[in-house]
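Asker:
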Amino acid sequence: MTKLQIKEKINNYLDKLPTSKLEEIASYIENNYSTEKLTYQSKKQPSSLGKKLRAIRAKIIAEGEPL
Numbered sequence: 001m002t003k004l005q006i007k008e009k010i011n012n013y014l015d016k017l018p019t020s021k022l023e024e025i026a027s028y029i030e031n032n033y034s035t036e037k038l039t040y041q042s043k044k045q046p047s048s049l050g051k052k053l054r055a056i057r058a059k060i061i062a063e064g065e066p067l
């Protein structure tokens, strides 16, 4: 099955759904997208607090004190 055929099947299926279901699906996709985007950003750019805590932890370990 080609990408175009898959797209057509999905569109045909979505055309048959009531508006309330479409809104529910859109909301679900939107929530997942925003959650995924936040997760990606948090992995990509650590927070300044996280950087400070890791620096403090590294300093404690370097001094030889147990955590």
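For the sequence shown, UniProt numbering gives the first residue as 1, with consecutive numbering after it.
In this text, a Cβ means the ideal position worked out from N, Cα and C, and glycines have one as well.
1. For residue 53 and residue 63, what's the separation of their Cα atoms in angstroms?
2. Taking only three categories from DSSP, how would you classify residue 64?
3. Under 8 angstroms, do residue 22 and residue 14 count as touching if we go by C-beta distance?
4. The alpha helix (DSSP H) spanning residue 17 covers which residue range?
Answerer: In this structure, then:
1. 15 angstroms
2. coil
3. yes
4. No alpha helix (DSSP H) holds residue 17; DSSP gives it neither H nor E.
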